[in-house]
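Using my numbering, the first residue of the sequence shown is number 501, and each one after it goes up by one.
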Amino acid sequence: MKEFRDKVAVITGAASGIGRGLAERCAHEGMKVVLADIEEQPLTQTAHELQANGAAVLAVVTDVAKFSDVENLAQQGIRQLIGQETAHRTPTADCGGPPV
Numbered sequence: 501m502k503e504f505r506d507k508v509a510v511i512t513g514a515a516s517g518i519g520r521g522l523a524e525r526c527a528h529e530g531m532k533v534v535l536a537d538i539e540e541q542p543l544t545q546t547a548h549e550l551q552a553n554g555a556a557v558l559a560v561v562t563d564v565a566k567f568s569d570v571e572n573l574a575q576q577g578i579r580q581l582i583g584q585e586t587a588h589r590t591p592t593a594d595c596g597g598p599p600v
């Protein structure tokens, strides 16, 4: 099994559903997670819950239909978590697969 501890996952749609489930799993595996979603309140709640369980989390309100938002997401992730090693888009990815 691959070792994911201290790797970075960027997860869109992270405030609910598959994205949230993926974020929880990645955090459980010891990954640093960058959470992105257009819904600020549920995104903040998800981030707080993961942080309460000891995860390294960065939450960025992002509308993936806007290039400037996606660019901001990437810049913040790189700046605050020092390097983007794994980028995931839901619903087609999981912590065990290659980046999509």
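Just so it is clear, CB atoms sit at the ideal spot from N, CA and C, and this is done for glycine as well.
Inset, instruction - Locate the alpha helix (DSSP H) running through alanine 527, then write down its first and last residues. - result: 517-528 is the span of the alpha helix (DSSP H), which, as asked, contains alanine 527.
Legend entry - Nonlocal neighbours in the same chain, by C-beta distance under 6 Å from methionine 531, ignoring five residues either side: Phe504, Lys507, Ala509.
Legend entry - Rounded straight-line distance, which links the Cα of isoleucine 511 to that of leucine 522: Between the C-alpha atoms of leucine 522 and isoleucine 511 there is a straight-line separation of about 8 Å.
Inset, instruction - Count the other CB atoms, across all protein chains shown, that sit within 10 Å of the CB of glutamate 529; report buried if there are 16 or more and exposed otherwise. - result: Counting Cβ neighbours within 10 Å, glutamate 529 comes out buried, since at least 16 surround it.
Legend entry - Uninterrupted alpha helix (DSSP H) stretches inside the stretch 533-557 (no shorter than 4 residues): Listed in chain order, they are 540-552.
Inset, instruction - Would you list the one or two residues that DSSP bridges to valine 570? - result: According to DSSP, valine 570 bridges with nothing at all.
Legend entry - Distance CB(glutamine 580)-CB(leucine 550) smaller than 8 Å: With respect to leucine 550, glutamine 580 sits apart: the two C-beta atoms are not nearer than 8 Å.
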